[in-house]
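Okay, structure first, notes after.
Residue numbers (the numbering used here): 2 to 117.
Here you go:
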């Protein structure tokens with residue numbers, strides 16, 4: 002789908018944890034090593050929060066059916082550069098495709114993506 006995708010290298014996920022609870026609360030931005038900027042209402046009970054960085058989540062509002070919109074998130078596994086480049090060379094990009102060093106890959110599981 003045109004316009005699908007998101008790049009946010011300093012983005013983090015904030016989860017609330019507990020004995021039976023591990024739920025996504027919201028997001029934040031890493032502004033310094035060990036410092037996350039987020040909305041105040043996310044940190045009302047800071048001792049129950051866990052910040053996750055270095056993982057891949059694709060988020061957005063999505064729309065795949067007319068008049069049916071919502072806010073969605075999906076966790077995607079990181080794919081190492083060599084595997085990613087090998088897989089991309091099997092597409093119409095061709096066998097000489099070079100993945101730029103500033104890019105990373107995530108996902109790759111059929112039917113499990115950020116575009117639907």
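Think of the CB as a built atom: it goes at the ideal place given N, C-alpha and C, for glycine as much as any other residue.
Counting along the chain, where does the alpha helix (DSSP H) carrying residue 90 start and finish?
-> 82-90
Any idea what DSSP makes of residue 49, helix, strand or coil?
-> helix
What are the residues that DSSP puts in a beta bridge with residue 33?
-> 36
CB of residue 90 within 8 Å of CB of residue 96, strictly = yes
Measure the alpha-carbon distance for residue 85 versus residue 33 and round it to whole angstroms.
-> 30 Å
Answer with buried or exposed for residue 29, where buried requires no fewer than 16 other C-beta atoms within 10 angstroms of its C-beta.
-> buried
When you compare only the Cα positions, how much space is there between residue 77 and residue 104?
-> 15 Å
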